[in-house]
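Novice:
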Amino acid sequence: MSNIEKKSINIPHLINLPKIVDPRGNLSFLEEETHLPFKIARTFWIHDVPGGEKRGGHAYKTQQEFIIALSGSFDVVINTGKYEQRFHLNRSYYGLYVPAMIWREMDNFSTNSLALVVVDKPFNEEDYIRDFSNYNQLVNGQ
Ligand code: TYD
13 MSNIEKKSIN IPHLINLPKI VDPRGNLSFL EEETHLPFKI ARTFWIHDVP GGEKRGGHAY
73 KTQQEFIIAL SGSFDVVINT GKYEQRFHLN RSYYGLYVPA MIWREMDNFS TNSLALVVVD
133 KPFNEEDYIR DFSNYNQLVN GQ
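In case it helps, our numbering puts the sequence shown at residues 13 to 154.
Given below as structure tokens:
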């Protein structure tokens with residue numbers, strides 16, 4: 013798929029990354045212009061999540077992100093107010109692209125899981141929508 017086609021898909025979707033298979037251990041990598049529909053401004057990671065905990069229940073007004081399970085597994089649940097979709101991430105050679113204005117929550121973290129998130133903007137609390145009914149009102153008018 014070309015970059016132009018990738019950029020036109022503005023819904024959450026999985027993106028495969030290269031996997032260089034090697035008997036010494038496999039290697040994957042990520043290049044912003046090649047694999048992502050945005051340029052990376054920030055990276056953060058979520059680790060040491062206690063069993064049963066949830067993270068990330070919010071939407072971003074303008075931020076786009078790409079979420080990878082670098083280690084272990086977890087689920088990213090997308091909810092647009094119109095539909096809900098659960099993505100189970102459990103390999104480090106693909107991830108989930110999440111555009112702006114999509115409500116997303118992360119749960120079902122395995123022991124020692126490591127979630128890597130790359131984002132197209134520096135941290136800005138003003139970009140968060142943290143109330144689902146507020147989000148639903150903005151997106152769906154209800
Ligand atoms: P937040 O994104 O709100 O996580 P969650 O939705 O899972 O609760 O981040 C938690 C806290 O960390 C919040 O106070 C903001 C801070 N934070 C930063 O300072 N920089 C960052 O890049 C991120 C992602 C969070």
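Backbone N, C-alpha and C fix where the C-beta goes; we use that ideal spot for every residue, glycine too.
Taking DSSP as the reference, what is the three-state secondary structure of T55?
Specialist: Three-state result, T55: strand.
Novice: Using only the alpha-carbon positions, how far apart do Q75 and N148 sit?
Specialist: Taking the straight line joining both Cα atoms gives about 17 Å.
Novice: Spell out a yes or no on whether the region 88-100 and the region 33-47 are touching, meaning 3 or more CB-CB pairs, one atom from each, closer than 8 Å.
Specialist: Touching, no.
Novice: Leaving out five residues on either side along the sequence, give the residues of the same chain with a beta carbon under 6 Å from the beta carbon of H12.
Specialist: Since the first residue shown for the chain is 13 and the last is 154, residue 12 is missing from the structure and cannot be characterised.
Novice: The beta strand (DSSP E) with N152 in it runs from where to where?
Specialist: No beta strand (DSSP E) holds N152; the alpha helix (DSSP H) holding it covers 144-152.
Novice: Is P24 closer than 7 Å to V110 when the C-beta atoms are compared?
Specialist: Yes. Within cutoff.
Novice: On the criterion of 16 or more Cβ atoms from any shown chain inside 10 Å, does W57 qualify as buried, or is it exposed?
Specialist: W57 comes out exposed.
Novice: How would you write the range of the beta strand (DSSP E) that E45 sits in, first residue to last?
Specialist: Counting along the chain, E45 falls outside any beta strand (DSSP E), though it belongs to the alpha helix (DSSP H) covering 44-47.
Novice: Would you decide whether I32 is buried or exposed? Buried here means 16 or more other CB atoms lie within 10 Å of its CB.
Specialist: Classification for I32: exposed.
Novice: Short of 6 Å in beta carbon distance, which residues of its chain neighbour R142, apart from the five on each side in sequence? Order them along the chain.
Specialist: Correct list, in chain order: H70.
Novice: CA-CA distance, S145 and E65?
Specialist: Those two C-alpha atoms are separated by around 22 Å.
Novice: Check D87 in the structure and name its three-state DSSP category.
Specialist: In the structure shown, D87 sits in a strand (DSSP, three-state: E or B).
Novice: Please identify the residue among F121, V131, R116 whose C-alpha is closest to the C-alpha of G68.
Specialist: Considering only alpha carbons, the answer is R116.
Novice: In the DSSP assignment, find the beta strand (DSSP E) that holds L29 and state where it starts and stops.
Specialist: Careful: L29 lies outside any beta strand (DSSP E) and carries neither H nor E.
Novice: In this structure, what does DSSP give as the bridge partners for M118?
Specialist: Beta-bridge pairing links M118 to R67, V88.
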